[in-house]
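Numbering (my numbering), first residue to last: 7 to 109.
A virtual CB, placed ideally from N, CA and C, is assigned to each residue, including glycine.
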């Protein structure tokens with residue numbers, strides 16, 4: 007296994023050297039500009055209008071997290087039930103009334 011990984015590393019080392027010696031400056035400049043843009047956005051969040059809110063934020067306790075998950079789960083169940091009832095109304099209860107939607 008070690009012998010195989012050494013041979014793979016040696017072959018990859020040759021590929022990396024070929025990539026480094028090629029003209030890859032445009033890609034590096036593009037990626038660097040993306041990174042600078044992301045870092046600038048993070049810095050603006052630290053000093054912008056949301057800075058106070060982010061400084062006051064904390065990790066929720068287990069009870070708060072559990073309560074949030076339960077409330078979100080109930081909400082998702084209710085939305086799914088409403089969607090199912092609407093589908094049932096459109097397909098089974100009043101198909102002629104909703105026929106204009108499928109034409």
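Legend entry - Contact belief for residue 90 with residue 96 at Cβ below 8 Å, rounded distance in angstroms: Approximately 11 Å separates the beta-carbon atoms of residue 90 and residue 96; this is outside 8 Å, ruling out the contact.
### Message
According to DSSP, is residue 102 part of a helix, a strand, or is it coil?
### Response
Here residue 102 sits in coil by DSSP.
Margin query: If I measure Cβ to Cβ from residue 22 and keep anything under 8 Å in the same chain, skipping five residues before and after, which residues do I get?
Written below: Confidence at residue 22 is low in this model, with a pLDDT of 46, below 50, so the placement of that residue is unreliable and no value is reported for it.
(message) Less than 8 Å between C-beta atoms, sequence neighbours within five positions excluded: which residues of the same chain meet that for residue 66?
(response) Cβ contact annotation for residue 66 (same chain, cutoff 8 Å, sequence separation greater than five): 74, in chain order.
### Query
How many Å lie between residue 86 and residue 76 at the Cα?
Those two C-alpha atoms are separated by around 15 Å.
How many angstroms separate the CA atom of residue 64 from the CA atom of residue 78?
-> Residue 64 and residue 78 have their alpha carbons spaced roughly 20 Å apart.
Next on the checklist: Rounded to the nearest angstrom, what separates residue 33 and residue 49 at their Cα positions?
Outcome noted: Using only the alpha carbons, I get a separation of about 24 Å.
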